[in-house]
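Down below is the structure, laid out as structure tokens.
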Amino acid sequence: VEGELAPGGLDLLRHGLSLDNVKLQRAQVSWLSDQQLRFVMIDVKKGLIRRMCALVGLQATDLKRVRIGSVSLGRLPPGQWRYLREDERF
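Going by our numbering, the letters in the sequence shown line up with residues 11 to 100, in that order.
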């Protein structure tokens, strides 16, 4: 992310934002580094994380999904897919 986080911005990302007069779901948000945030959310619509960041003064420059449910994407290249293993479930 780029930009300067608004005062109380992290708490707002976690459980206080509204978009288009609709209260957003709670999210687990934490800093991974000075430029990286980690979001844990359920049922994320396209563009939601970028819009949430913009509301608190940040610009999301890149997003990377690392897991879907309990299924880790590991080193799966963008645009690729794989079969689930026997022990994996959504």
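Just so you know, even glycine gets a beta-carbon here, dropped at the ideal spot from N, CA and C.
Model, not experiment: these values are computed from the prediction.
How long is the line joining the alpha carbons of residue i and residue j, rounded to whole angstroms?
i      : j       : result
Asp-72 : Leu-86  : 17 Å
Leu-94 : Met-51  : 21 Å
Gly-13 : Phe-100 : 35 Å
Gly-26 : Ser-80  : 26 Å
Leu-68 : Arg-92  : 33 Å
Asp-21 : Gly-89  : 33 Å
Leu-42 : Arg-77  : 16 Å
Pro-17 : Lys-56  : 26 Å
Per DSSP, what kind of secondary structure is residue i in: helix, strand or coil?
i      : result
Leu-27 : coil
Kindly list the residues whose CB is nearer than 8 Å to the CB of residue i, restricted to its own chain and excluding five residues on each side of it in sequence; keep chain order.
i      : result
Gln-35 : Met-51, Ile-52 and Asp-53
Under DSSP, the beta strand (DSSP E) around residue i begins and ends at which residues?
i      : result
Leu-42 : 38-43
Leu-47 : 46-50
Give the range of the alpha helix (DSSP H) segment to which residue i is assigned.
i      : result
Arg-75 : No alpha helix (DSSP H) contains Arg-75, which DSSP labels as neither H nor E.
Arg-60 : 58-65
Give me, in chain order, the residues of the same chain whose beta-carbon lies closer than 7 Å to that of residue i; leave out the 5 immediate sequence neighbours on both sides.
i      : result
Ser-28 : Leu-34
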